[in-house]
Amino acid sequence: MSRQSNNPPSGIATRAIHFGYDPQQEHGALVPPLHLTSTFTFESVEAGGEIFAGEREGFVYSRTGNPTNDLLERRIANLEGAEGAIANASGMGAISSLLWTFL
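Residue numbers for the sequence shown follow the numbering used here, so the first one is 2 and each next one is one higher.
Right under this line is the structure:
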């Protein structure tokens, strides 16, 4: 039997601030930390190879993605009601991404 919640749906401001973040996954930090690193370490060489090959989730280099950008993309997708979103590191990256879809 499912239990109905008496809580109203979250508003746009609440979702923009809180969606997709679990403080317990970041040592209890109330606000999501900014990951200001360019590269990431791996549990093992095998794990790194799997992440590079796209067989396993993870981050390799911040220009292609990092936890901060991932959270931003998930929040934007949620606010827009979309399946996903892409955040680019620069305006030229955004323009290139758009144009590559037509080539």
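Where a beta carbon is used, it is the ideal one built from N, C-alpha and C, also for glycine. Since we're looking at a predicted model, the values are computed, not measured.
Exercise. Can you tell me whether DSSP reads threonine 40 as helix, strand or coil?
Worked result: Residue 40 sits at position 39 when you count from the first residue of the sequence shown. Looking at threonine 40 - three-state DSSP - the assignment turns out to be strand.
Problem set entry | Span of the alpha helix (DSSP H), counted from its first residue to its last, around arginine 76 | Locating residue 76 in the sequence shown gives position 75, where the first residue counts as 1. Here the alpha helix (DSSP H) through arginine 76 covers 68-81.
Problem set entry | glutamate 27 versus Gly94, Thr102, Trp101, Thr69, residue with shortest Cα-Cα distance | Residue numbering aside, residue 27 sits at position 26 when the sequence shown is read from its first letter. Closest by C-alpha distance to glutamate 27, out of Gly94, Thr102, Trp101, Thr69, is Thr69.
Exercise. Buried or exposed: proline 24, going by 16 or more other Cβ atoms within 10 Å of its Cβ?
Worked result: For the purposes of this step, residue 24 is identified with residue 23 of the sequence shown, where counting begins at 1. That one is exposed.
Problem set entry | Classification of phenylalanine 103 by the beta-carbon crowding that lies within 10 angstroms, buried from 16 upward | Within the sequence shown, numbered from 1, the residue matching residue 103 stands at position 102. Exposed is the call here.
For this session: Give me the Cα-Cα distance between histidine 36 and leucine 72, rounded to the nearest whole angstrom.
Result: Residue mapping note: residue 36 aligns to position 35 of the sequence shown, counting from 1. Residue mapping note: residue 72 aligns to position 71 of the sequence shown, counting from 1. Each residue's alpha carbon lies about 11 Å from the other.
Problem set entry | Paired residues, beta bridge with tyrosine 62 - DSSP | Position 61 of the sequence shown, counted from the start, is the residue given in the question as residue 62. Answer by DSSP bridge pairing, in chain order: Thr40.
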